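Below is one structure; the comments refer to it alone.
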Amino acid sequence: MKVEGRKIVMVTSYDFPSSQIADQVGVDSILVGDSYGMVVLGYETTIPVTMDELLPVCRAVNRGSSRPLLVGDMPFLSFQVSQEDAIRNAGRFIKEGGMEAVKIEGGREMAPIARSIVDSGIPVLGHIGVTPQTATLHGGYRVQGRTAKEGERLIANARALEEAGAFGIVLEMVTEEVAGRITGALEIPTIGIGSGRYCDGQVLVLNDILGLYSRFTPKFAKRYVDLSQMIQRALQEYSGEVRSGQFPSMNNVFSMDPVEVSKLGPRRKG
0 MKVEGRKIVM VTSYDFPSSQ IADQVGVDSI LVGDSYGMVV LGYETTIPVT MDELLPVCRA
60 VNRGSSRPLL VGDMPFLSFQ VSQEDAIRNA GRFIKEGGME AVKIEGGREM APIARSIVDS
120 GIPVLGHIGV TPQTATLHGG YRVQGRTAKE GERLIANARA LEEAGAFGIV LEMVTEEVAG
180 RITGALEIPT IGIGSGRYCD GQVLVLNDIL GLYSRFTPKF AKRYVDLSQM IQRALQEYSG
240 EVRSGQFPSM NNVFSMDPVE VSKLGPRRKG
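Just so it is clear: in the sequence shown, position 230 is 229 by my numbering, and no numbers are missing.
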């Protein structure tokens with residue numbers, strides 16, 4: 000796609016129905032992100048997310064889609080401790096979760112880990128810029144690449160991951176200018192999230208796209224529909240109809256043969 004100049008479309012998915020829809024509309028890749036912990040489980044950060052929480056989600060997404068590339072997001076401490084742990088847990092995403100690749104956060108310091116996973120036969124998607132699992136070490140959720148020095152560091156990180164065998168790199172909250180230079184410097188594609196117009200593709204969290212996460216909406220995200228408001232209206236209407244006796248109506252019930260009804264005798268009022 001990078002050679003062809005066609006933009007890559009990636010989106011997160013955390014369940015069977017949304018992965019079905021993503022498949023049907025033709026997205027290129029689905030990421031089962033550790034953001035699941037925040038937008039579905041209600042955690043404040045992605046740090047608490049575990050392998051055991053993500054793997055059932057991966058299986059559901061796998062069952063719902065057949066065409067997009069499926070990428071499992073390796074959670075905090077599932078790959079940082081040792082190369083052996085990284086390979087074992089990456090393998091679980093493939094063998095137990097039905098994923099086709101894994102994503103790991105980190106730059107040059109994670110290149111040996113990335114290489115070990117790739118050498119074991121598992122494709123790796125890198126992730127640099129803002130890395131939520133270690134954001135507190137780098138000043139929080141701060142845009143990366145504001146200075147030339149920061150830009151050079153990010154370019155070096157991207158090159159290290161490419162040399163380690165990564166098939167692509169997510170750039171999160173990197174200035175557009177630096178993201179463009181990284182994209183031009185690499186043979187592998189870049190997937191931007193809050194990193195401007197010059198990446199080879201884009202990824203967004205599905206809940207941000209649909210307006211289903213109320214705690215905050217990042218500046219870089221675009222809400223295409225407000226499903227939260229639509230769901231509220233539907234639930235309010237449902238509640239009103241139940242309380243007023245409008246639901247269920249005759250269209251929503253199953254009935255006996257009148258002869259069989261007569262055998263039961265009169266219905267008691269209660």
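Note that CB positions come from ideal geometry on N, CA and C, so glycine has one too. Remember, it's a predicted structure, so these values are computed and weren't measured experimentally.
Query, Result
"Does the region 178 to 190 come into contact with the region 205 to 223, if we say contact requires no fewer than three beta-carbon pairs (one atom in each stretch) closer than 8 Å?", "no"
"Please state the DSSP three-state secondary structure of residue 176.", "helix"
"My parser needs the alpha helix (DSSP H) runs of 4 or more residues fully inside the region 72 to 146; what are they?", "82 to 94, 110 to 118"
"Let me know if residue 121 comes out buried or exposed under the rule of 16 or more other beta-carbons within 10 Å of its beta-carbon.", "buried"
"In chain order, which continuous runs of the beta strand (DSSP E) of length 3 or greater are located wholly inside the region 169 to 234?", "189 to 192, 200 to 203"
"Just how far apart, CA to CA, sit residue 50 and residue 72?", "9 Å"
"Nearest by alpha-carbon distance to residue 54: which of 42, 66, 77, 43 is it?", "77"
"Would residue 91 be called buried (16 or more neighbouring beta carbons within 10 Å of its own) or exposed?", "buried"
"Pairing CB atoms from the region 198 to 205 with CB atoms from the region 3 to 13, are three or more of them under 8 Å?", "yes"
"With 16 as the cutoff for other CB atoms within 10 Å, does residue 231 come out buried or exposed?", "exposed"
"With 16 as the cutoff for other CB atoms within 10 Å, does residue 256 come out buried or exposed?", "exposed"
"In the structure shown, what three-state DSSP assignment does residue 50 receive?", "helix"
"Starting from residue 261, follow the beta strand (DSSP E) in both directions and report where the run begins and ends.", "Run containing residue 261: none in the beta strand (DSSP E); it sits in the alpha helix (DSSP H), 257 to 263."
"Looking at residue 178 and residue 195, is the spacing between their C-beta atoms short of 9 Å?", "yes"
"Would you give the residue range spanned by the beta strand (DSSP E) that residue 31 belongs to?", "28 to 31"
"Taking just the CA atoms, how far does residue 241 sit from residue 123?", "51 Å"
"Just to confirm, are residue 193 and residue 166 a CB contact at a threshold of 9 Å?", "no"
"Short of 6 Å in beta carbon distance, which residues of its chain neighbour residue 227, apart from the five on each side in sequence? Order them along the chain.", "210, 211"
"What do you reckon, are the CB atoms on residue 163 and residue 85 nearer than 9 Å?", "no"
"So, for residue 115: in the same chain, excluding its five sequence neighbours on each side, which residues have a beta-carbon less than 7 Å away from its beta-carbon?", "82, 85, 86"
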